[in-house]
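The sequence shown begins at 0 in numbering that gives the first Met the number 0 and counts up by one. Each residue gets a CB set at the ideal place from its N, CA and C atoms; glycine is no exception. In this text, all values refer to a predicted model and were calculated from it rather than measured experimentally. Take a look at the structure set out below.
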Amino acid sequence: MRKKELKLVVTFHTTADAMAMEKACREQEVPGRIIPVPRTISAGCGLAWCAGLEDREQIAAMMKKTGIEEEDMHECMV
């Protein structure tokens, strides 16, 4: 079992947006992984992108560049 840490959790309006995020991050070597949305967060889609807090700027820039729209960006224990 992983030790819970404060992470950046990006939520999406649709599953298609979450899958596009995973593909774009893999192609551009942006850190993180797809996770189920934590119970403490309410989101339109059941999937989220989880990464270190230090990766926020890189993730936001990649999303803007590729046109992926997030629902919200959260900092929570994951």
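> Considering only residues of the same chain and omitting the five flanking positions on each side of A23, which have a CB-CB separation below 7 angstroms?
Replying inline: Numbered from its first residue, the sequence shown carries residue 23 at position 24. Excluding positions up to five away in sequence, the list reads M61, T65 and I67.
> With a CB to CB cut of under 7 angstroms and the five nearest residues on each side skipped, what residues in its chain are close to P35?
Replying inline: The residue labelled residue 35 in the question sits at position 36 within the sequence shown. Excluding residues within five positions, the ones whose Cβ falls inside 7 angstroms are G45 and L46.
> What are the uninterrupted segments assigned as alpha helix (DSSP H) that are 4 or more residues long and contained completely in the region 10-73, given in chain order?
Replying inline: 14-26 and 55-65
>> Between C49 and K2, how many whole angstroms is the CB-CB distance? I'm expecting something under 8 angstroms.
In response: Within the sequence shown, residue 49 is the residue found at index 50, counting from 1. Within the sequence shown, residue 2 is the residue found at index 3, counting from 1. Contact doesn't hold; Cβ gap of about 14 angstroms is too wide.
>> Quick check on T39: buried or exposed, where buried means 16 or more other Cβ atoms within 10 Å of its Cβ?
In response: As a position in the sequence shown, residue 39 is number 40, starting the count at 1. Classification of T39: exposed, given that the 10 Å Cβ count is below 16.
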